[in-house]
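Have a look at the structure below before the remarks.
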Amino acid sequence: AQKVTQAQTEISVVEKEDVTLDCVYETRDTTYYLFWYKQPPSGELVFLIRRNSFDEQNEISGRYSWNFQKSTSSFNFTITASQVVDSAVYFCALSDGNNFNKFYFGSGTKLNVKP
Amino acid sequence: DTGVSQDPRHKITKRGQNVTFRCDPISEHNRLYWYRQTLGQGPEFLTYFQNEAQLEKSRLLSDRFSAERPKGSFSTLEIQRTEQGDSAMYLCASRIALTDTQYFGPGTRLTVL
Chain A
159 AQKVTQAQTE ISVVEKEDVT LDCVYETRDT TYYLFWYKQP PSGELVFLIR RNSFDEQNEI
219 SGRYSWNFQK STSSFNFTIT ASQVVDSAVY FCALSDGNNF NKFYFGSGTK LNVKP
Chain B
10 DTGVSQDPRH KITKRGQNVT FRCDPISEHN RLYWYRQTLG QGPEFLTYFQ NEAQLEKSRL
70 LSDRFSAERP KGSFSTLEIQ RTEQGDSAMY LCASRIALTD TQYFGPGTRL TVL
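Taken in order, these protein sequences are the chains called A and B.
So for the first sequence, the numbering used here puts the first residue at 159; every next one is plus one.
So for the second sequence, the numbering used here puts the first residue at 10; every next one is plus one.
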């Protein structure tokens, strides 16, 4: 069965600090996709990134970077030079194989960035 | 491009009442999904539609829950005889065929008193 674990319930940092959000997943599928979403206080889940199981290249997008390691079943998310606007709950999600009709979400990590 | 919209954003009801939520997906997105999110947890899959056909339902979707997508565009989720345990955020998402990402709406927060 698919499972996503985000062990960090809440993290607090001071603005400009770097922060890494951990995501560990379990699946028996050989083909699958991983996602990160951001949920600000308004409630809407905002898509950040997706990664398929065959692409282990790390990705950088501005202050955001993602580290996908199949050997440890992890898909970690790093925010460099954090800003107050980064404060939100971040969710890691796993697709049901290459069927994108069911996503399995972790319990989320609440990030508090203080000025 | 208009995003996924949901209505209402908030609903307070008394136990035993029926409630109905609406979701309007991104236009041309033929897949539509409903999730439930309780406090401190991630979203949990409830059901999904491909066009007007409801193709999968989670065990979380009890007999009191029913979802429809009559014309393959907007969808409604009805909860009958609400219980306090139904209090949650109900999220809708949509996806276009042959792509891999679901796009979410702002959710409807239900409070059952």
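Backbone N, C-alpha and C define an ideal beta-carbon position, used for all residues, glycine too.
All of these numbers come straight from a predicted model, not from anything done at the bench.
| Item | Value |
| --- | --- |
| Meets three-Cβ-pair contact criterion under 8 Å: the region 190-201 of chain A and the region 111-121 of chain B | yes |
| Whole-angstrom distance between B/Arg78 and A/Val204, CA atom to CA atom | 24 Å |
| Same chain only: Cβ atoms within 7 Å of B/Gln59, ignoring 5 sequence neighbours per side | Asn39, Arg40 |
| Local conformation of A/Lys228 per DSSP, three classes | helix |
| 8 Å Cβ cutoff, A/Glu175 in contact with chain B | no |
| Three-pair Cβ contact test at 8 Å for the region 215-229 of chain A versus the region 249-261 of chain A | no |
| Reduced DSSP category for A/Gln166 - H, G, I as helix; E, B as strand; rest coil | coil |
| Sub-8 Å separation of A/Phe261 and A/Leu179 beta-carbons | no |
| Closer than 9 Å at the beta carbon, the chain A residues around B/Tyr99 | In chain order: nothing, as chain A lies at least about 11 Å away. |
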